[in-house]
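Protein chains: 2
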Amino acid sequence: MEKRVYNFAPGPAVLPLSVIEEVQRDLLCLPGAGASIMEISHRSKTFDRIITGAEANIRKLLGVPDNYRVLFMQGGAFYQFAMVALNLLRGSGKPADYIVTGTWSGKAIKEAKTQGEAKPAWDGKPDNFIRFPKQEELKLSADPAYVYMCSNETIQGVQYQIEPETGAAPLICDSSSDIFCRPVPVEKFGLIFACAQKNAGPSGVTLVIVRDDLLERSSGDLPSLLNYKIVAENKSLLNTPPTFAVYVVKLVTDWLLNEIGGLKKMAEINNRKAKMLYDAIDESEGFYQGHAAKDCRSTMNVPFRMPSEDLQAAFLEQAAARDLCNLQGHRSVGGCRASIYNAMPVEGVELLAQFMREFCKKNK
Amino acid sequence: MEKRVYNFAPGPAVLPLSVIEEVQRDLLCLPGAGASIMEISHRSKTFDRIITGAEANIRKLLGVPDNYRVLFMQGGAFYQFAMVALNLLRGSGKPADYIVTGTWSGKAIKEAKTQGEAKPAWDGKPDNFIRFPKQEELKLSADPAYVYMCSNETIQGVQYQIEPETGAAPLICDSSSDIFCRPVPVEKFGLIFACAQKNAGPSGVTLVIVRDDLLERSSGDLPSLLNYKIVAENKSLLNTPPTFAVYVVKLVTDWLLNEIGGLKKMAEINNRKAKMLYDAIDESEGFYQGHAAKDCRSTMNVPFRMPSEDLQAAFLEQAAARDLCNLQGHRSVGGCRASIYNAMPVEGVELLAQFMREFCKKNK
Chain A
562 MEKRVYNFAP
572 GPAVLPLSVI
582 EEVQRDLLCL
592 PGAGASIMEI
602 SHRSKTFDRI
612 ITGAEANIRK
622 LLGVPDNYRV
632 LFMQGGAFYQ
642 FAMVALNLLR
652 GSGKPADYIV
662 TGTWSGKAIK
672 EAKTQGEAKP
682 AWDGKPDNFI
692 RFPKQEELKL
702 SADPAYVYMC
712 SNETIQGVQY
722 QIEPETGAAP
732 LICDSSSDIF
742 CRPVPVEKFG
752 LIFACAQKNA
762 GPSGVTLVIV
772 RDDLLERSSG
782 DLPSLLNYKI
792 VAENKSLLNT
802 PPTFAVYVVK
812 LVTDWLLNEI
822 GGLKKMAEIN
832 NRKAKMLYDA
842 IDESEGFYQG
852 HAAKDCRSTM
862 NVPFRMPSED
872 LQAAFLEQAA
882 ARDLCNLQGH
892 RSVGGCRASI
902 YNAMPVEGVE
912 LLAQFMREFC
922 KKNK
Chain B
562 MEKRVYNFAP
572 GPAVLPLSVI
582 EEVQRDLLCL
592 PGAGASIMEI
602 SHRSKTFDRI
612 ITGAEANIRK
622 LLGVPDNYRV
632 LFMQGGAFYQ
642 FAMVALNLLR
652 GSGKPADYIV
662 TGTWSGKAIK
672 EAKTQGEAKP
682 AWDGKPDNFI
692 RFPKQEELKL
702 SADPAYVYMC
712 SNETIQGVQY
722 QIEPETGAAP
732 LICDSSSDIF
742 CRPVPVEKFG
752 LIFACAQKNA
762 GPSGVTLVIV
772 RDDLLERSSG
782 DLPSLLNYKI
792 VAENKSLLNT
802 PPTFAVYVVK
812 LVTDWLLNEI
822 GGLKKMAEIN
832 NRKAKMLYDA
842 IDESEGFYQG
852 HAAKDCRSTM
862 NVPFRMPSED
872 LQAAFLEQAA
882 ARDLCNLQGH
892 RSVGGCRASI
902 YNAMPVEGVE
912 LLAQFMREFC
922 KKNK
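Protein sequence lines, in the order shown, are assigned to chains A and B. Position in the first sequence (first residue = 1) + 561 = our numbering. Position in the second sequence (first residue = 1) + 561 = our numbering.
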């Protein structure tokens with residue numbers, strides 16, 4: 562077999578090795594099924610155990626209250642940008658307030674504008690998207706349909722620390738790049754969604770956690786697959802779900818519960834990993850320049866720059882020679898970025914931090 | 562390893578064994594990538610080769626003309642029911658004509674009605690959905706936005722034999738359960754879509770083949786992921802595609818080209834397999850009752866009934882004891898159904914036909 566590298570890709574991203582090994586072991590024949598997980602009916606008892614098991618794991622990990630549904634959908638975060646606006650903004654007669662903290666919340670408000678009045682409650686662009694706003698900076702509408710936020714901006718490496726207060730308006734959260742990275746008070750949100758391909762599984766499945774009362778806002782004139790209420794009533798089985806991807810989510814959440822020991826433990830590990838890289842940045846006395854303000858730094862994505870493009874190119878090349886791979890920044894902003902999701906092993910981050918110190922010493 | 566059975570499931574369905582073996586072999590580390598196919602970026606060179614390779618295979622297999630785009634989407638056929646109506650019916654000022662030949666075209670027209678005037682050009686329900694209509698039976702509108710058909714009704718086992726003539730109106734085709742089963746004159750269609758989980762790969766990816774001029778009908782007020790034009794302009798990479806599922810589609814289409822030898826060869830094999838089962842039905846002198854009219858019989862799905870529920874239960878039990886599995890009919894119609902997609906080995910069908918004859922002899 563070829564050698565696996567330390568994969569700092571922003572998503573699709575590293576998965577727990579033990580999960581991939583289990584998928585590989587059972588790929589020709591899932592125990593008891595007589596066929597591959599890719600070949601079995603979504604209405605079989607075997608798959609029912611998988612999808613209900615995945616839901617139970619998610620409920621346990623996040624402490625999801627009983628009045629919330631857990632849905633498995635397709636289409637990624639982009640599909641949820643549309644779903645949120647189609648179900649909760651369109652025809653509501655109210656504006657929706659978007660907290661714009663980076664690329665992904667920026668895309669979300671753009672999509673929502675096709676369906677109604679979507680207004681920035683705060684816009685981080687003048688500050689170059691380096692932080693999450695303070696409560697007193699938010700300009701919320703009197704009675705918004707909802708308030709929207711992105712809990713972790715993958716490209717800018719900005720992560721919120723305290724949930725904004727939104728009064729009676731439901732708080733909608735894109736948690737694509739930091740779901741399961743730490744405990745979350747789900748009851749403070751009306752709806753949380755997350756594509757799987759950072760912390761939950763492969764691309765192709767999206768998790769949606771939605772409070773029951775919001776389902777009543779879905780209009781009957783929406784096609785079924787765009788209607789949260791209908792998707793929820795059909796327990797995510799209106800049509801064939803992405804069975805393989807749901808299966809991997811089940812295994813990843815098993816890993817979080819049984820090998821890691823839950824989200825509190827996961828958060829401790831993530832904080833430790835992130836600190837290693839931020840320490841290397843801070844100790845470099847300006848050689849490495851982190852993007853985010855210190856109190857908004859993401860534990861998942863660590864974007865940073867060096868004094869020149871040439872140095873960055875040398876950094877990426879030398880890192881790759883040590884099997885520290887996929888550290889280039891997003892094509893829209895350049896620079897470097899280390900994505901250190903749940904499944905990135907501590908030793909990978911240690912090796913990267915060590916390399917960063919060495920590279921700084923040699924090239925400063 | 563546990564034993565693999567002959568899997569007659571209607572979808573997700575049997576995949577070529579050699580494909581699953583290759584996925585399994587490379588699952589921990591895709592050659593040259595240093596990571597699993599589940600872990601690599603959709604914008605990496607490795608994945609670019611996979612998705613462009615899959616598209617090239619599809620173009621070669623079906624002879625897709627240059628003025629058609631091949632898109633990889635999520636959401637299954639149900640999502641296309643909505644997309645077709647949102648992009649081509651809504652706001653067109655025209656009706657859309659639906660040829661209703663079974664459960665799936667029935668669901669499609671229901672979804673379309675949320676977006677505009679969707680009319681049955683023919684309705685097979687009074688005949689219990691046993692056939693595809695003749696050209697002269699179609700009641701087409703004077704200037705419809707499009708004419709819609711389902712090329713193979715998975716539940717009723719009805720497959721069309723000659724494309725309906727629709728004049729200037731584009732013909733839209735749900736080919737979910739028979740894509741790649743035989744050559745198709747793509748140029749007679751405006752748009753063909755197919756979820757992958759029958760003949761093309763695992764669930765979670767949907768193939769769309771659409772003629773360029775139809776893209777111009779998509780309205781700018783649609784969210785991006787619901788807009789064919791935007792999806793096409795972004796070459797299916799507006800957001801993260803279901804990378805693993807696209808990879809398997811690449812391998813399945815490799816198999817069709819290189820191991821089978823193309824769709825003409827595939828059709829010969831499929832005709833041979835289907836004939837084995839229909840012969841067993843016809844020779845049973847009414848013990849087995851096929852659902853579809855003889856000239857509309859599907860080569861993919863063979864639904865049939867026996868004189869009593871008890872006999873059907875015994876049939877399913879005894880078949881399963883011989884590793885002939887998942888032969889129960891759809892929960893909405895009951896009975897039995899053998900789905901014999903491309904990847905079902907000839908020997909599986911031989912064994913089933915042999916068992917059908919034996920069971921008939923014993924129980925008639």
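Just so you know, even glycine gets a beta-carbon here, dropped at the ideal spot from N, CA and C.
Test item: CB-CB of residue i and residue j under 8 Å
i: Leu-838 of chain B; j: Tyr-567 of chain B; result: no
i: Cys-742 of chain B; j: Ala-828 of chain B; result: yes
i: Asn-903 of chain B; j: Asn-760 of chain B; result: yes
i: Ser-859 of chain A; j: Asn-689 of chain A; result: no
i: Asp-856 of chain A; j: Gln-722 of chain A; result: yes
i: Gln-873 of chain B; j: Ala-574 of chain B; result: no
i: Gly-572 of chain A; j: Thr-801 of chain B; result: yes
i: Gly-595 of chain B; j: Lys-826 of chain A; result: no
i: Gly-636 of chain A; j: Gly-636 of chain B; result: yes
i: Leu-799 of chain B; j: His-603 of chain B; result: no
i: Gly-718 of chain B; j: Asn-862 of chain B; result: yes
i: Ile-830 of chain B; j: Val-907 of chain B; result: yes
i: Gln-585 of chain B; j: Gln-585 of chain A; result: yes
Chain-order list of residues whose beta-carbon lies under 6 Å from that of residue i (same chain, five-residue window excluded)
i: Phe-750 of chain B; result: Leu-732 and Cys-734
i: Ser-893 of chain A; result: none
i: Ile-901 of chain A; result: Lys-834 and Val-910
i: Leu-591 of chain B; result: Ile-598
i: Arg-866 of chain B; result: Gln-850 and Gly-896
i: Leu-776 of chain A; result: Tyr-789, Lys-790 and Ala-793
i: Glu-846 of chain B; result: none
i: Met-905 of chain B; result: Val-575
Whole-Å CB distance - residue i paired with residue j, under 8 Å assumed
i: His-852 of chain B; j: Pro-864 of chain B; result: 4 Å
i: Val-792 of chain B; j: Met-634 of chain B; result: 7 Å
i: Ala-638 of chain B; j: Glu-672 of chain B; result: Between Glu-672 of chain B and Ala-638 of chain B the Cβ distance is about 10 Å, and since that is not below 8 Å, they are no contact.
i: Ser-738 of chain B; j: Thr-715 of chain B; result: 4 Å
i: Ala-926 of chain A; j: Ile-691 of chain A; result: This structure does not reach residue 926 of chain A, given that chain A is present from 562 up to 925, and the question cannot be answered.
i: Val-661 of chain B; j: Lys-695 of chain B; result: Wrong, their Cβ atoms sit about 15 Å apart, outside the cutoff.
i: Lys-700 of chain B; j: Ala-679 of chain B; result: About 14 Å separates the two Cβ atoms, so there is no contact after all.
i: Leu-824 of chain A; j: Leu-622 of chain A; result: 6 Å
i: Val-625 of chain A; j: Leu-752 of chain A; result: Actually they are not in contact, since the Cβ atoms of Val-625 of chain A and Leu-752 of chain A sit about 12 Å apart, beyond 8 Å.
i: Ser-736 of chain B; j: Ala-755 of chain B; result: 5 Å
i: Asp-658 of chain A; j: Ser-702 of chain A; result: 5 Å
Sequence-distant residues of its chain with Cβ nearer than 7 Å to residue i (five each side left out)
i: Leu-589 of chain A; result: Ser-597
i: Leu-647 of chain B; result: Gln-676, Leu-783 and Leu-787
i: Ala-570 of chain B; result: Asn-887 and Ser-900
i: Ser-779 of chain A; result: Asn-648, Asn-788, Tyr-789 and Lys-790
i: Phe-920 of chain B; result: Phe-876 and Gln-879
i: Arg-918 of chain A; result: Ala-841
i: Asn-924 of chain A; result: Leu-872
i: Gly-652 of chain B; result: Ser-780
i: Gly-890 of chain B; result: Pro-864, Gly-896, Cys-897 and Arg-898
i: Gly-614 of chain B; result: Lys-811
i: Gln-848 of chain A; result: According to the sequence provided, residue 848 of chain A is Phe. The question's Gln does not apply to it. These residues qualify, in order along the chain: Met-867, Pro-868, Cys-921 and Lys-925.
i: Ile-611 of chain A; result: Val-807, Tyr-808 and Lys-811
i: Lys-655 of chain B; result: Asp-704, Pro-705 and Ala-706
i: Leu-650 of chain A; result: Ala-657, Ala-673, Gln-676, Gly-677, Ala-679 and Ala-706
Under 7 Å by beta carbon: chain D residues contacting residue i
i: Thr-675 of chain A; result: The chain inventory of the structure shown lacks chain D, comprising the protein chains A and B.
Contact test: residue i Cβ vs the ligand SAM heavy atom, cutoff 7 Å
i: Asp-627 of chain A; result: Ligands in the displayed structure: none, and consequently the ligand SAM is not present.
- Between the region 613 to 630 of chain B and the region 762 to 771 of chain B, do three or more beta carbon pairs fall short of 8 Å? Yes, the region 613 to 630 of chain B touches the region 762 to 771 of chain B.
- Task: Give a yes or no on contact between the region 800 to 820 of chain B and the region 869 to 888 of chain B, applying the rule of three or more CB pairs nearer than 8 Å.
- Result: Taking 8 Å as the limit for Cβ pairs, the verdict is that the region 869 to 888 of chain B does not touch the region 800 to 820 of chain B.
- Query: In chain order, which continuous runs of the beta strand (DSSP E) of length 3 or greater are located wholly inside the region 592 to 630 of chain A?
  - Reply: Runs found: none.
- Query: Can we say the region 816 to 824 of chain A touches the region 699 to 706 of chain B, given the rule of at least three CB pairs closer than 8 Å?
  - Reply: With contact defined as three or more Cβ pairs closer than 8 Å, the region 816 to 824 of chain A and the region 699 to 706 of chain B are not in contact.
- Task: Would you be able to state if there are at least three C-beta pairs under 8 Å between the region 796 to 808 of chain B and the region 786 to 805 of chain A?
- Result: A contact exists between the region 786 to 805 of chain A and the region 796 to 808 of chain B.
- Item | Segments of 3+ residues assigned as beta strand (DSSP E) that fall wholly inside the region 718 to 744 of chain A | Here the runs fully enclosed are 732 to 735.
- Query: Which runs of the beta strand (DSSP E), 3 residues or longer, sit entirely within the region 682 to 721 of chain B?
  - Reply: You should have 708 to 711.
- Length-filtered (3 minimum) beta strand (DSSP E) runs lying within the region 863 to 904 of chain A: Within the region 863 to 904 of chain A, complete beta strand (DSSP E) segments of at least 3 residues are found at 897 to 900, given in chain order.
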